[in-house]
């Protein structure tokens with residue numbers, strides 16, 4: 008009989024007591040009060056309605072005759088028909104089952120048979136906006152913060168927005184944690200900072216963090232960056248690469264707990280060349296950022312963030328985790344969308 012050596016650990020460390028982690032989305036039925044992208048603007052045409060999953064429930068996005076997009080709970084309060092199979096009539100959303108009409112405030116203003124609708128026959132209408140080729144909804148009765156502005160007027164910029172295939176199996180805030188993690192920018196993406204880590208210069212609000220850094224990209228390009236996280240579902244950057252500017256954002260929807268629907272937005276100055284040249288620049292930036300995101304996703308889609316052993320280089324990251332622990336959570340639409 009052949010003897011097999013068994014290696015025993017000399018001294019396994021004892022894990023010290025640790026503090027609380029970040030609550031996952033949906034814990035106790037609550038979600039972070041953030042702006043979340045629902046769909047591409049092009050997904051919903053004039054006088055059209057489409058249904059989407061959101062916050063572990065069902066919503067609709069529709070455009071009235073004016074072209075304005077609205078976001079509301081999907082189920083008709085009469086008998087629960089999905090309004091995504093209904094139609095848009097003027098500025099009203101009509102249920103296909105009994106032809107009850109709902110106005111922009113979500114109130115039933117008409118029934119086909121003429122019965123007066125009960126006062127409780129109403130939809131939950133989300134605060135919404137359309138920006139950068141996306142339709143957004145806020146989880147709450149009123150927004151707690153604004154989406155950020157780019158450094159140039161938006162009417163002077165050209166944009167290209169795409170949806171990435173499939174869903175990422177993590178909450179959006181997990182992907183946002185890349186931004187305050189300065190170590191990963193250097194270690195994973197190979198960017199050399201031209202200054203000390205700017206922990207003391209990070210600009211904080213209760214809903215965001217943002218900072219500037221200059222450096223050399225792994226391919227040798229000089230980069231000047233402003234990067235930030237806004238809410239729990241939007242990463243944005245403003246970058247000069249070898250002196251030429253572009254904007255980039257990753258926006259993350261929340262169809263259900265533990266899943267993200269990812270969109271990518273690139274922006275360039277519309278007056279820097281012909282439309283074809285500007286389009287080529289946007290395509291270049293998109294491929295450039297796809298590569299960066301492609302380095303992140305295999306890690307982010309398998310990571311489990313939990314309190315652990317941080318170092319002095321994690322100062323901003325640690326503060327961001329505290330921001331997430333303190334972040335307001337709610338779900339006022341729960342009884343309407345489920």
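In our numbering, the protein residues as written are 8 to 345. Ideal Cβ positions, reconstructed from N, Cα and C, are used throughout, including at glycine.
Residue i versus residue j: straight-line alpha-carbon distance, rounded
{"i": "residue 67", "j": "residue 237", "result": "24 Å"}
{"i": "residue 283", "j": "residue 163", "result": "16 Å"}
{"i": "residue 43", "j": "residue 208", "result": "27 Å"}
{"i": "residue 289", "j": "residue 295", "result": "10 Å"}
{"i": "residue 129", "j": "residue 147", "result": "16 Å"}
{"i": "residue 347", "j": "residue 12", "result": "This structure cannot settle anything about residue 347, because the visible part of the chain is limited to 8 through 345."}
{"i": "residue 154", "j": "residue 139", "result": "11 Å"}
{"i": "residue 349", "j": "residue 299", "result": "The structure shown does not extend to residue 349, since the chain is modelled only from 8 through 345, so no value can be given for it."}
{"i": "residue 223", "j": "residue 205", "result": "16 Å"}
{"i": "residue 14", "j": "residue 22", "result": "22 Å"}
{"i": "residue 210", "j": "residue 326", "result": "12 Å"}
{"i": "residue 111", "j": "residue 191", "result": "45 Å"}
{"i": "residue 133", "j": "residue 194", "result": "40 Å"}
{"i": "residue 56", "j": "residue 258", "result": "22 Å"}
{"i": "residue 106", "j": "residue 118", "result": "6 Å"}
{"i": "residue 330", "j": "residue 156", "result": "21 Å"}
{"i": "residue 212", "j": "residue 86", "result": "43 Å"}
Whole-Å CB distance - residue i paired with residue j, under 8 Å assumed
{"i": "residue 274", "j": "residue 166", "result": "5 Å"}
{"i": "residue 58", "j": "residue 89", "result": "6 Å"}
{"i": "residue 51", "j": "residue 70", "result": "6 Å"}
{"i": "residue 312", "j": "residue 29", "result": "6 Å"}
{"i": "residue 169", "j": "residue 271", "result": "5 Å"}
Buried or exposed by the 16-neighbour rule on C-beta atoms within 10 Å, applied to residue i
{"i": "residue 32", "result": "buried"}
{"i": "residue 262", "result": "buried"}
{"i": "residue 256", "result": "buried"}
{"i": "residue 149", "result": "exposed"}
{"i": "residue 316", "result": "exposed"}
{"i": "residue 362", "result": "In the structure as shown, the chain starts at 8 and stops at 345, and residue 362 therefore has no counterpart that could be examined."}
{"i": "residue 278", "result": "exposed"}
Distance CB(residue i)-CB(residue j) smaller than 8 Å
{"i": "residue 115", "j": "residue 103", "result": "no"}
{"i": "residue 247", "j": "residue 186", "result": "no"}
{"i": "residue 324", "j": "residue 188", "result": "yes"}
{"i": "residue 135", "j": "residue 81", "result": "no"}
{"i": "residue 38", "j": "residue 79", "result": "no"}
{"i": "residue 64", "j": "residue 345", "result": "yes"}
{"i": "residue 47", "j": "residue 141", "result": "yes"}
{"i": "residue 307", "j": "residue 202", "result": "no"}
{"i": "residue 314", "j": "residue 26", "result": "yes"}
Heavy atom of the ligand GTP within 7 Å of residue i beta-carbon
{"i": "residue 303", "result": "Only the bare structure without any ligand can be found here, which leaves the ligand GTP out of the picture."}
The region 172-183 / the region 267-281 touching (three or more Cβ pairs under 8 Å): yes
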